[in-house]
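Keeping their order, the protein sequence lines are chains A and B.
Okay, so the first sequence: first residue is 1 according to this note's numbering, each after it adds one.
Okay, so the second sequence: first residue is 1 according to this note's numbering, each after it adds one.
Heads up, the beta-carbon is just placed ideally off N, CA and C, and yes, glycines get one too.
Note sheet for the following structure.
Protein chains: 2
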Amino acid sequence: MVSQTLTDDDVDRIFRALADRTRRDIVRRTLTAEASISELAKDYDMSFAAVQKHVAVLEAADLVARIPRGRERIIQGNPEAIRRAQQLLGRFEQIWRGRIDRLDALLAEDPSSAQDH
Amino acid sequence: MVSQTLTDDDVDRIFRALADRTRRDIVRRTLTAEASISELAKDYDMSFAAVQKHVAVLEAADLVARIPRGRERIIQGNPEAIRRAQQLLGRFEQIWRGRIDRLDALLAEDPSSAQDH
DNA sequence: TGTTTGTGAAACCATTTGGTTGTATGTTAA
DNA sequence: TTAACATACAACCAAATGGTTTCACAAACA
Numbered sequence: 001m002v003s004q005t006l007t008d009d010d011v012d013r014i015f016r017a018l019a020d021r022t023r024r025d026i027v028r029r030t031l032t033a034e035a036s037i038s039e040l041a042k043d044y045d046m047s048f049a050a051v052q053k054h055v056a057v058l059e060a061a062d063l064v065a066r067i068p069r070g071r072e073r074i075i076q077g078n079p080e081a082i083r084r085a086q087q088l089l090g091r092f093e094q095i096w097r098g099r100i101d102r103l104d105a106l107l108a109e110d111p112s113s114a115q116d117h
Numbered sequence: 001m002v003s004q005t006l007t008d009d010d011v012d013r014i015f016r017a018l019a020d021r022t023r024r025d026i027v028r029r030t031l032t033a034e035a036s037i038s039e040l041a042k043d044y045d046m047s048f049a050a051v052q053k054h055v056a057v058l059e060a061a062d063l064v065a066r067i068p069r070g071r072e073r074i075i076q077g078n079p080e081a082i083r084r085a086q087q088l089l090g091r092f093e094q095i096w097r098g099r100i101d102r103l104d105a106l107l108a109e110d111p112s113s114a115q116d117h
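Encoded structure:
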């Protein structure tokens, strides 16, 4: 566990980072097996610098770690960050579920208060 | 269920739409209780047109529905879309878990093949 | 040692984003 | 039937995004 409480800026960065297919693919790959930036870059139809930028966006969102190893930088996907993002969406679900629960409670509690909407 | 198989563009739109705090707030609110665009706009420090644009982004990602009612447009959060987004992240988790499982299997299967990495 | 390889970083560019204002149009209410 | 309200939409703008090329530099190799 690192910081637990995410700011709005943190959440912005996480979803923004996930909103690009190349970056999602990099996360997927490095979650399975770490790779250097140039290894990653080989598989995408863009320059090394472009891939490097994508990695920087992912690192800023803490979705990957960039670990120096000799002249290389090894990229590792961060499963904890994915889990945190999932929990963020889980809160939305809870909010929705909460609405249903309140509605149920209202209807159960006082049937005479039922109104059409 | 609507389309089930999301394209890369669909996923791009979903995460992009969630990468803005105003839009996340609109989703939260309209998941709890539907509201017209002008009702929403009252609570944000920006123009009506700006809120209208945010709603359009959310609608394009299918995170909210825009339902005409008289002269108003009622915005409803779409819990199904949230769930789909959560499942997308769930797949990442599975990928990571799969890596661990394969590693465990490898180590369990043939201890002599263990190597440092 | 010199050369290749891997990375970092700057400058640049087109497009998208997130905001604005202004105008038009449909809908409800007096 | 006006007036007020809710929305739609266009034009505009600054800043961010996603890409490029180029140059610098450190690490590994022949």
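Q) Hey, how far is the Cα of A/Q87 from the Cα of A/K42? A) 33 Å
Q: Determine the chain B residues that contact A/D12 at a beta-carbon separation under 8 Å, and present them in chain order.
A: Those are A19, D20 and R21, listed as they occur along chain B.
Q: With DSSP collapsed to three states, give me the class of A/R102.
A: helix
Q) B/F15 and A/V27 look like a contact to me (Cβ under 8 Å); what is the Cβ gap, rounded to whole Å? A) Going by Cβ atoms, the distance from B/F15 to A/V27 rounds to 12 Å, so no, they are not a contact pair.
**Q.** Extent of the continuous alpha helix (DSSP H) run through A/R16
**A.** Unbroken alpha helix (DSSP H) run through A/R16: D8 to L18.
Q) Tell me the DSSP bridge mates of B/Q76? A) B/A65
Q. Does B/A85 get closer than 8 Å to chain A when you measure Cβ to Cβ?
A. So, interface residue.
Q) For a contact meaning CB atoms closer than 8 Å, what does A/E93 contact in chain B? A) Within chain B, the residues near A/E93 are P79, I82, R83 and Q86.
Q.
Within 8 Å of any Cβ in chain A, is that where the Cβ of B/A114 sits?
A. Here the model assigns B/A114 a pLDDT of 47, short of 50, so the residue's position is not dependable, and the following value carries that caveat. No, B/A114 does not count as interfacial toward chain A.
Q) Per DSSP, what kind of secondary structure is A/S47 in: helix, strand or coil? A) coil
Q. Among A/A19, A/A105, A/L106 and A/R97, which one has its Cα closest to the Cα of A/V57?
A. A/A19
Q | Close-in-space but distant-in-sequence residues of the same chain around B/T22 (CB under 7 Å, 5 per side omitted) | A | The answer, listed in chain order, is Y44 and H54.
(Q) Using a 10 Å radius around the Cβ and a threshold of 16 neighbouring Cβ atoms, would you call A/T5 buried or exposed? (A) exposed
Q | Near-chain A residues of the segment 45–68 of chain B (beta-carbon distance less than 9 Å), N- to C-terminal order | A | For chain A, none of the residues of the segment 45–68 of chain B brings a beta carbon within less than 9 Å of one of its beta carbons.
Q. What number of angstroms, rounded off, separates the C-alpha of A/W96 from the C-alpha of B/T30?
A. 9 Å
Q.
What does the alpha-carbon distance come out to for the pair B/Q52 and B/E39?
A. 11 Å
Q | Inter-residue CB distance, B/L89 and A/L63 (contact presumed, cutoff 8 Å) | A | Contact doesn't hold; Cβ gap of about 11 Å is too wide.
Q) Using CA coordinates, which residue listed in B/A33, B/A61 and B/R24 is at the minimum distance from B/D9? A) B/A61
Q. Helix, strand or coil: which one does DSSP assign to B/Q115?
A. Model confidence at B/Q115 stands at a pLDDT of 46, short of 50, so the residue's coordinates are unreliable; what they give is reported in the following sentence. Coil.
Q. Among residues of its own chain, excluding the 5 on either side of B/Q115, which ones have a beta-carbon nearer than 7 Å to its beta-carbon?
A. Model confidence at B/Q115 stands at a pLDDT of 46, short of 50, so the residue's coordinates are unreliable and nothing is read from them.
Q: Look at B/I74 and B/S36 and say whether their C-beta atoms are less than 8 Å apart.
A: By the CB criterion at 8 Å, B/I74 and B/S36 fall inside the cutoff.
Q.
Using only CA atoms, which one of A/R69, A/R13, A/G77 and A/R102 lies nearest to A/E34?
A. A/G77
Q: Look up B/S36 in the DSSP assignment and give the residues it is bridged to.
A: B/I74
Q. Residues of chain A with a CB under 7 Å from the CB of B/D8: which are they?
A. R21
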